[in-house]
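A short worksheet on the structure shown next.
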């Protein structure tokens, strides 16, 4: 599926995020981020010292600059989180706006139209749509044919044909008519449409802290407390050695010692991961599930509606001996026009494609009487003055033919048995006592499923299909889709038991389903993805909703989960590494005057203690916004071994995090001296 590409951050979100980052300065909001709360308290103390030093008649330039950059450190960290949040909520707002701005032309009984707001459309209303108009509600085309752009809803860039009759009559509110005029019967009341449900799910998604995030936060709090103890006890130690220290310098040391970089970016990493899933039209209802997706090694997939399209589709028309292909297609088409089942509609679509005709071009014989499909007869057909055509199950049509004095030939019986032996369903067409041909009904794989399952295998993820179908059909679908394993004739409790068995063996299990019978298994799985086109029970049991109802997007879920884990680890490594570099700036600045031997640590040859401390504080602040794009976009995931990924990230973010501050602090030192700020 193709996706529209967008810039990392929309300009309109920047001002909103900036305003939100200032509101987050409230300590009540900031307490959830202890590292940044400690920085803010330090900024408050240094701000107070500006007044104290001014009252003493001392210079306030150094303290003022330290205070300003400490405030910037907190604001930049808040900005990263606010920007990630803004990206996540902007989609729901745009969807809601588009919903309220739509106006529909409702057809009245006299043939006139009346403009009605989309929010006031009711089920069974009929609306008229022309070129370029946006479809204002979910419905079904009852007249006409059009080319529809659904990219605003599903992300699919290629336009689709929607026409009355057949299996391509459904339209979704929010999509746009590119060409053609159609009449659409609304099938959902306000608040029940696909767009409404999508907005509700976006707004109801909440990202709680995950176990990994909580563990890392505990580590950061521990380091922060440790450094606070060190800095608080430092004045006594420094006084013993004859070194004078000031509170602003001690706070600067504390802030540079603390892992402020990862502390500032940690909330944004998880929120941005949720938003990246949303860009794939997947709503995550649990942050824990996103991270678990990064470690999934077994995925269970329901067949019907997940791997396959759901209803068996006509894929082949096979003429019987003595019948032409044209005769078989014509008989299949006429006998299926009154069959309203999905299988019957698929036969009509296949015949129309074979003949190259549209719905309006079908001409029934004069005086024809159509016989609709029924569960009792298991056939549908048409009677004319000289023909009686039937199409249906093998047993039902065989009985019809024999009643009329005919019989199935050995060749036809072999073809029927061959189709059944391949796990497909044969339907037979007959004209009175004469069999004309066979229709093959097949479970059709969803587009791209085989390639995606192959990619999952490359990541070390085992794919297992669970279905209630017979073993023959299950084996056929599993082989065609490239699944690693399958379980046939499985009841809901069997799915649940299989997930528990894998979990007991130490595996993390993902389950994809769409039916009510999948709900228990979805509730048990570590990662539970429900198709939006599935049942309400399945959606309620899941912790992710796939709005496109496309199981191939599991790979996107896995990649986003791995990205979050990799990004968090990479930026934590970077944060700890660049803290080491800052020690070489501040420690010599504090102690080298009394102990010249420590001057050997001044490897950057910084100009003076004031410029050294200030350069470290400034670098500590500006590195956070410079890393925001990485936090929002995520470190790129590559399909390679964990050890290779670890070596690469240690090289880039470990060694890079160690070297970059040396360069940055030195350049800032030169700039501060040149500007006479230190």
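Residue numbers (our numbering): 4 to 681.
Every residue gets a Cβ at the ideal spot worked out from N, C-alpha and C, and that includes glycine.
Measuring only the C-alpha atoms, how far is residue 423 from residue 370? Between residue 423 and residue 370, the alpha-carbon positions lie close to 36 Å from each other.
Rounded separation between residue 300 and residue 280 - CA only: 19 Å
Rounded to whole angstroms, what's the CA-CA distance from residue 232 to residue 37? Just pull it up for me. 15 Å
Excluding the five sequence neighbours on either side, which residues of its own chain have a C-beta within less than 8 Å of the C-beta of residue 648, listed in chain order? Within the same chain, residue 648 has close Cβ partners 569, 641.
Residue 677 (DSSP reduced to helix, strand or coil): Three-state result, residue 677: helix.
Tell me which same chain residues have a C-beta within less than 7 Å of the C-beta of residue 358, skipping the five on either side of it? Shown here for residue 358: same chain residues with a beta carbon closer than 7 Å to its own, the five before and five after excluded, namely 332 in chain order.
Check residue 430 in the structure and name its three-state DSSP category. strand
Since residue 397 contacts residue 438 with CB under 8 Å, what's their CB separation in whole angstroms? Going by Cβ atoms, the distance from residue 397 to residue 438 rounds to 10 Å, so no, they are not a contact pair.
Going along the chain, which unbroken runs of the alpha helix (DSSP H) with 4 or more residues stay wholly within the region 500 to 579? 522 to 527, 539 to 544
Identify, in the order they occur along the chain, each residue of the same chain with its Cβ nearer than 8 Å to the Cβ of residue 343, setting aside the five sequence neighbours on each side. 375, 376
Measuring alpha carbon to alpha carbon, tell me which residue in 265, 165, 456 is nearest residue 3. In this structure the chain extends from 4 to 681, so residue 3 is not present and cannot be described.
Quick one: residues in its chain with C-beta nearer than 7 Å to the C-beta of residue 79, no 5 flanking neighbours on either side, listed in chain order? 267, 624, 627, 628
C-alpha gap between residue 22 and residue 115, whole angstroms: About 49 Å.
Where residue 544 and residue 495 are concerned, what is the direct C-alpha to C-alpha distance, given to the nearest angstrom? 14 Å
Identify, in the order they occur along the chain, each residue of the same chain with its Cβ nearer than 7 Å to the Cβ of residue 111, setting aside the five sequence neighbours on each side. 117
Could you tell me the distance, in whole angstroms, from the CA atom of residue 605 to the CA atom of residue 228? Straight across, the Cα-Cα distance linking residue 605 with residue 228 is about 27 Å.
Quick one: Cα of residue 255 to Cα of residue 262, how far? 13 Å
Please report the residue range of the beta strand (DSSP E) in which residue 391 lies. 391 to 396
To the nearest angstrom, report how far apart residue 651 and residue 179 are at their CA atoms. 46 Å
Measuring alpha carbon to alpha carbon, tell me which residue in 69, 190, 447 is nearest residue 127. 190
Taking DSSP's pairing of strands, which residues face residue 182 in a bridge? 150
Evaluate residue 509 with the Cβ neighbour count: other Cβ atoms within 10 Å of its Cβ, from every protein chain shown; 16 or more gives buried, anything less gives exposed. exposed
Residue 550 and residue 515 closer than 8 Å at C-beta: no
Between the Cα of residue 81 and the Cα atoms of 470, 419, 121, 27, which residue gives the shortest distance? 27
Report yes or no: do three or more beta-carbon pairs, one from the region 313 to 332 and one from the region 282 to 293, lie closer than 8 Å? no
Alpha carbon of residue 527 to alpha carbon of residue 317, nearest angstrom: 36 Å
In the DSSP output, what is residue 490 paired with across the bridge? 469.
Same chain, Cβ closer than 7 Å to residue 283, five either side skipped, listed in chain order: Within the same chain, residue 283 has close Cβ partners 556, 559.
According to the Cβ coordinates, are residue 521 and residue 315 closer than 8 Å? no
What is the rounded straight-line gap between the Cα of residue 671 and the Cα of residue 611? Just so you know, the alpha carbons of residue 671 and residue 611 end up roughly 13 Å apart.
Return the CA-CA distance between residue 575 and residue 351, expressed in angstroms with no decimal places. 59 Å
Taking Cβ positions, are residue 432 and residue 335 nearer each other than 8 Å? yes
Helix, strand or coil at residue 386 [DSSP, three-state]: Reduced to three states, the DSSP call for residue 386 is strand.
Of the residues 84, 140, 83, which one's Cα is nearest the Cα of residue 108? 140
In angstroms with no decimal places, state the Cα-to-Cα distance between residue 40 and residue 257. 13 Å
Proximity to residue 134 [Cα-Cα], best of 144, 122, 149: 149
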